[in-house]
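Those sequence lines, one after another, are chains A and B.
Heads up, the first sequence is in our numbering, so the first residue is 313 and it goes up one at a time.
Heads up, the second sequence is in our numbering, so the first residue is 517 and it goes up one at a time.
C-beta atoms are modelled at their ideal positions from N, C-alpha and C, and glycine is treated no differently.
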Amino acid sequence: MMLNDSMYGILFRDINPVRTFVDQRFSRQVHARAGIIINTGEDNYLTTADAVEAAHTVTTSQLLNEYFAKEAGLEDWQLGLGHAFEIDPAVPESFRLELAHALLARELFPKAPLKWMPPTRHMTGDVFRGYLLDGFFNLVGAMTGQGILLVGMMTEAVVTPWLSDRDLALQNVRYVLDAAGGLHEDFRPAPDGLVATRARQVLGETIDLLDRIADEGLLDAIADGTFGLMRRPADGGRGLDGVARKAPEYFNPATDLLEEGR
Amino acid sequence: MTSTIVRPYGDTTGDGMVQLSFTLPVPHSKRAEGAAQQLANKMGMDPALVVHAKPMGPGFTFFVVYGRVNHLVDVDKVEVVERDYPLLTPKEVNAAIKRALRRRLVVIGACIGTDAHTVGIDAILNIKGFAGEKGLEYYREIKVVNLGAQVSVPQLVDRAVSERADAVLVSQVVTQRDAHLLNTREMAAAFSEAFPRERRPVLVVGGPRFDEAMAPDLGVDRIFGRGTTPGEVASYLVHRIGAAR
């Protein structure tokens with residue numbers, strides 16, 4: 313398993329957008345060839361943008377990452393598309409909203425393993441409350457069959473996890489998976505309930521955003537701060553000096569081999 | 517009259533009850549539990565009740581201990597860094613900057629080193645803000661340049677020079693191997709080298725694990741800890757530029 317995201321470097325490492333798309337495509341081709349599962353970084357958007365307001369940007373990015381992944385030869389089982397449990401617990405019905413977002417990802421990408429990230433933003437240092445929040449995070453993971461469940465630490469934002477923090481966190485995961493691991497078989501949200509309605513709303517906002525991106529172009533959307541509220545113009549960022557238009561004689565034996573090998 | 521001398525409160529006034537958890541690098545056994553109890557006793561818990569002991573792998577045991585301490589604290593004699601400047605509204609901040617500078621106050625923000633956690637710097641700088649207060653970007657008279665995460669110290673200094681920064685705000689969340697302290701010292705040293713004393717921007721660091729009293733030791737002007745709001749930072753900056761001019 314390795315981290316690989318079509319846009320993460322642009323947004324969170326300020327690497328030039330064009331360079332990132334070129335480099336990440338090559339990286340994805342290597343992953344496809346090597347049979348490695350990729351983890352994408354949509355969860356990070358919610359560490360900078362609001363998890364309710366920006367939910368549709370996560371879904372949009374998942375669809376973009378899926379597209380770029382397939383284009384580079386990756387298969388469904390290799391797509392650890394990212395998302396996270398980052399809604400402010402003070403928001404009413406926050407658990408149902410989390411469930412709606414997680415279920416939307418699960419149903420949009422039924423064959424992908426999905427990467428489910430634990431809360432970080434609203435972990436306050438109150439380790440007891442944090443432990444409960446991580447339990448709810450694990451429950452959403454179990455109810456929506458998340459394939460790659462990262463383990464939340466009660467001491468997030470306090471210390472680098474201690475041995476006992478890790479042990480307690482694993483007990484939390486094991487308890488939830490043993491007690492409710494098959495719950496996704498029984499769980500069908502009411503068609504006009506809050507969960508299903510919210511999922512439809514996010515999907516609708518996603519389609520609107522994709523329409524907008526189709527009109528103005530992905531690079532302009534990134535420059536406008538669409539993802540994670542980070543504004544990254546196509547002519548900015550690190551490594552711009554390494555970007556050049558391909559000459560007619562351009563020859564890259566590695567890319568040719570990777571494309572043949574599909 | 518309320519006494520300023522306190523002891524912990526568990527269930528009744530003055531019971532002195534505290535809880536403690538820790539790990540000992542020994543396999544679980546009766547002797548291990550006795551060792552845990554002895555440690556708690558030595559820490560001043562008497563009686564100490566080992567309420568939970570759980571083996572973690574072959575060589576470690578996790579303990580939860582409840583017990584009474586007889587220590588007292590005189591709240592009046594506790595020393596902390598209290599806010600020594602008036603708290604202003606955004607309107608007052610804008611007016612004070614206009615009056616003192618006759619131009620906008622330039623603030624540069626960044627997470628330095630390998631730290632990728634922008635949650636702190638964003639809470640202070642982004643319009644969205646924190647705890648119901650809008651961030652510094654909202655202030656008309658403040659120009660905010662938020663460099664984001666993983667900014668190197670030389671990049672930060674260069675940008676402070678080119679933007680003619682009045683203040684530099686650095687957030688540090690990651691504390692592995694004291695990275696927050698090392699990074700802050702490195703940053704402070706680089707600024708001292710790049711600027712004459714009186715022209716150096718105000719250096720402010722923030723993060724959940726800093727000791728607010730360590731500012732002189734780290735070579736910065738101010739440290740803000742957990743729960744700091746944008747209004748506090750803005751008020752401090754105005755106080756500083758007012759004092760300097």
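For Asn662 (chain B), the enclosing beta strand (DSSP E) starts and ends at 658 to 662.
The segment 568 to 586 of chain B makes no contact with the segment 633 to 646 of chain B; the number of CB pairs closer than 8 angstroms stays below 3. Taking a beta-carbon distance threshold of 8 angstroms, Gly664 (chain B) counts as an interface residue toward chain A. For the segment 704 to 739 of chain B, the continuous beta strand (DSSP E) assignments of 3+ residues that do not extend past its boundaries occur at 718 to 722, in sequence order. In the structure shown, Val690 (chain B) adopts coil according to DSSP, grouped into three states. For Asp562 (chain B), there is no enclosing alpha helix (DSSP H); the residue is found in the beta strand (DSSP E) stretching over 561 to 572. For His368 (chain A), the enclosing alpha helix (DSSP H) covers residues 367 to 383. In the structure shown, Ala396 (chain A) adopts extended strand secondary structure according to DSSP, grouped into three states.
Tyr654 (chain B) has its alpha-carbon roughly 8 angstroms from the corresponding atom of Pro606 (chain B). In the three-state reduction of the DSSP assignment, Thr700 (chain B) falls in the helix class. Along the segment 532 to 619 of chain B, the alpha helix (DSSP H) occurs as fully enclosed runs of 4 or more residues at 546 to 558, 606 to 617, listed in sequence order.
Just measuring C-alpha positions, the residue of A:His496, A:Tyr443, A:Arg543 sitting nearest Leu663 (chain B) is A:Arg543.
Going by DSSP, Ile624 (chain B) is part of the beta strand (DSSP E) stretching over 621 to 627. A straight-line Cα-Cα distance of about 14 angstroms links Gly453 (chain A) and Asp498 (chain A).
The Cβ atoms of Thr369 (chain A) and Thr538 (chain A) lie closer than 8 angstroms to each other. In this chain, the alpha helix (DSSP H) harbouring Met455 (chain A) covers 439 to 455. Along the segment 675 to 701 of chain B, the positions whose C-beta sits under 8 angstroms from a C-beta of chain A are Val689, Thr691, Gln692, read in chain order.
Taking a beta-carbon distance threshold of 8 angstroms, Val635 (chain B) counts as an interface residue toward chain A. At a Cβ-Cβ threshold of 8 angstroms, Met561 (chain B) and Leu536 (chain B) count as neighbours. Between Arg756 (chain B) and chain A, the shortest Cβ-Cβ separation is not below 8 angstroms. For the segment 737 to 751 of chain B, residues whose beta-carbon sits nearer than 8 angstroms to a beta-carbon of chain A comprise Arg742.
Residue contact check for Trp474 (chain A) against chain B: a CB pair falls below 8 angstroms. The alpha carbon of Ala704 (chain B) has as its nearest neighbour, out of B:Asp694, B:Val721, B:Val689, B:Val690, the alpha carbon of B:Val721. With contacts defined as CB atoms closer than 8 angstroms, His395 (chain A) and Asp355 (chain A) qualify as a contacting pair. In the structure shown, Phe407 (chain A) falls within a helical segment according to DSSP collapsed to helix, strand and coil. Here the segment 320 to 335 of chain A does not lie against the segment 403 to 422 of chain A, with fewer than 3 beta-carbon pairs under 8 angstroms apart. Here Val342 (chain A) carries a helix assignment [DSSP, helix/strand/coil].
In this structure, DSSP gives Asn642 (chain B) a state outside helix and strand, which the three-state scheme calls coil.
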